[in-house]
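The block underneath contains the structure these notes are about, expressed in structure tokens.
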Amino acid sequence: MPDQRPFYVTTPIYYISGTPHIGHAYTSIAADVLVRTARAHGPARSLTGTDEHGQKVAAAAAAAGLTPHAYVDSLAPRWRALAPAFDARFDDFIRTTDPRHARTSLALFERMRANGDVYEGVYEGWYCTHDETFWPEAKLVDGRCPNPECRRSVEWLSEKNWFFRLSAYRDRLIAHFRAKPEFLRPQARYNEMMAVLEGGLEDLSISRSSFDWGIPLPGGGVIYVWYDALINYISALGWPDDPDGLYATFWPGMHIIGKEIARFHTLIWPAMLWSAGLPEPTRVFAHGWITVEGEKMSKSLGNVIDPFALIEEFGPDPVRYFLLREAPFGSDFSISVEKLRQRYNSDLGNDLGNLLRRSLAMLQKYRDGLVPQPSEGALQERLTDLPALVNEHVMCLRFREALDEIWTVVTYLNRTIDERKPWELYKHNRANELDALLYDLCEGLRWLSLLLFPYMPAKATEMWQQLGLDGTPERLWADELVWGRLAAGTQTNPGVALFPRLEPPAP
Ligand code: ME8
């Protein structure tokens, strides 16, 4: 597997005034699987956080009778709790109200102004506070926000603001998209953004002057919330002072986002960076939406799935597995507790959990739980190319395809047990064959725990420990995914079922 340069992945920073739901968990889990896989090859870093400024937050704070500061501070803990609840471990959590973020945002603004890309003007047009987006008259649909998921009423603004000469970057953006199709995936989002570029780009108002909840600019006004938000990806790395060398090591990195915010991340953000003389992100992946029976989750429809309730019922690892196995990462898909329960019982309980249970039970019965001498044969050959293949899929965010690949081994090992019938080998004293088969099963399970660790860190660790191994499978693949590393004589340690069967709820 190739050496990898230091790897950096981010999630969007979530609006602090929203409610954490399974869609937010989805992005954070994907970023966690990606960074854990990258870490199996070299240095890697991940970032998540909260988007705390803007008119929507100011209005929500006023409605709650709190100052914006007190309001955001009261909400931050529940967002901080989201990723850890799913065992997603981020290296950093940025809040846009952090002083470090204000420093970077102002420095970027000044750099862009010094480079002649920022000018003063008057914004006269519409604004959707819910989406925190400026809309020209011509884009409105029936006089409302044109975002089909929003369609809320818009307000008329007339503000003296700072503008970013975004239009000047259109040709460079088109050239960049053409030269690097992998910059934005999946293809449907790439095509969508190319169409936006071909339609032309307007300059962007990057400050607001009719309220004051934001990063104050010298001379008055505050930074526009989206301009401020995008900068989080480098303020968390300490640009421009870079006291810890994080920017120099980890930028440029890649962004995982939902498909609705591709325009901000792939048109506006690269242009902002170029304007300041900085490199654009390496890649942006704009994933699909989780729906409930085909409908977008929303408070008004009353169909919001509470991520914490799912953890309560299934535990974090099965939910992580389900979300990434259920659909290709770029596609929309519908979630239901019933589907989750089915996959839990079939893929996890019947396939994986049973494989571990019966392999270790047979080893216990026939060999006192001691791993036999390493075998050579079909399984070893079968596994040779697997790590590179899985790595390639995950690095291209084909999480489901990586799991499909890993599952071929689960299926193969289960089939091997059924076909080779170790109990018959034992009965007929075919000790060498039995040893080889039992070794294959244990070594195969060791590989599975290493490959599955990014997806199901706690369950993979349980597998690892039941195999009699110390610590966790969080290890460098180049050292560990080597056939025969499981030493003969290792005392295995069968434990409780990995995925105890879930019974359907009482009618
Ligand atoms: O847009 N399905 O924040 P946000 C899948 N603050 N993913 C979903 C989802 C769903 N139903 N719902 C939300 C913002 N997401 C800005 C971002 S970044 C500089 C600023 C995920 O709280 C998905 O990643 O509305 C989506 O892009 C993000 O949450 C939107 O979170």
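If you count the sequence shown from 1, position 13 lands on 12 in numbering that gives the first Met the number 0, and the numbers rise without skipping. No residue lacks a Cβ here, since even glycine has one placed at the ideal position from N, Cα and C.
- Non-local beta-carbon contacts of D434 in its own chain, meaning distances under 8 Å to residues more than five positions away in sequence, involve R366, P371, Q372, S374 in chain order.
- The bridge partners DSSP lists for L183 are V283.
- Distances taken from the Cβ of A457 to the heavy atoms of the ligand ME8 include none shorter than 8 Å.
- Apart from sequence neighbours up to five positions away, the residues of its chain that approach S206 with a beta-carbon distance below 7 Å are N160, W161, L216, G220, V221, I222, Y223, ordered along the chain.
- Under the three-state reduction of DSSP, Q341 is assigned to helix.
- Using a cutoff of 8 Å, the CB of H100 does not count as near the ligand ME8, since none of the ligand's heavy atoms is closer than that.
- E148 and G142 have their C-alpha atoms roughly 15 Å apart.
- Rounded to the nearest angstrom, the Cβ distance from Y411 to R381 is 7 Å, consistent with a contact under 8 Å.
- C441: member of the alpha helix (DSSP H) spanning 430-451, first to last residue.
- Contact annotation: R474 and I416 have beta-carbon atoms that are not nearer than 9 Å.
- Within the same chain, I405, A459 come within 7 Å of L451 by CB-CB distance, once the 5 residues on both sides are set aside.
- The nearest non-hydrogen atom of the ligand ME8 is 8 Å or more from the C-beta of L33.
- Under DSSP, M253 shares a beta bridge with V8, R282.
- Annotation: the continuous alpha helix (DSSP H) that includes E380 extends over 377-382.
- Here the C-alpha atom of W268 lies approximately 7 Å from the C-alpha atom of L229.
- Closer than 8 Å to some heavy atom of the ligand ME8: that describes the Cβ of T290.
- Pairing N231 with G287, the inter-Cα distance amounts to about 23 Å.
- The closest heavy atom of the ligand ME8 lies less than 8 Å from the beta carbon of D50.
- A contact is defined here as three or more CB-CB pairs under 8 Å, and the segment 166-184 fails this definition with respect to the segment 126-133.
- In this model, R324 and V34 are separated by some 18 Å (Cα to Cα).
- The DSSP assignment places complete beta strand (DSSP E) segments of no fewer than 3 residues inside the segment 73-115 at 91-94, in order along the chain.
- Check the Cα spacing between L277 and each of F263, G252, W476, I256: the tightest is with G252.
- In this structure P11 is in contact with I260, their Cβ atoms being roughly 6 Å apart against a cut-off of 8 Å.
- Sequence-distant Cβ neighbours of S157 in its own chain, meaning closer than 8 Å and more than five residues away, are V121, Y122, E123.
- At least one heavy atom of the ligand ME8 lies less than 8 Å from the C-beta of L229.
- Listed in chain order, the alpha helix (DSSP H) elements of length 4 or more contained wholly in the segment 15-45 are 21-38.
- Segment contact: the segment 75-91 against the segment 26-40, three or more CB-CB distances shorter than 8 Å; contact assigned.
- In this structure, the straight-line span from the alpha carbon of L402 to that of L355 is close to 17 Å.
- Around the CB of W155, fewer than 16 other CB atoms lie within 10 Å, so the residue is classed as exposed.
- For S274, the uninterrupted alpha helix (DSSP H) segment begins and ends at 268-274.
- The C-alpha of H68 lies about 27 Å from the C-alpha of W125.
- If you compare the alpha carbons of T9, K258, I21 with that of A308, the shortest gap goes to I21.
- If you ignore the 5 residues before and after V32, its C-beta comes within less than 8 Å of the C-beta of R319, L323, V393, F398, P453, Y454, all in its own chain and listed in chain order.
- Burial is judged here by how many other beta carbons sit within 10 angstroms of a residue's own beta carbon; N114 has fewer than 16 and is exposed.
- If the five residues before and after N413 are omitted, its C-beta is found closer than 6 Å to the C-beta atoms of L354, all from its own chain and listed in chain order.
- As for any alpha helix (DSSP H) of minimum length 4 sitting wholly inside the segment 168-234, the runs are 169-178, 186-198, 224-229, 231-234, ordered along the chain.
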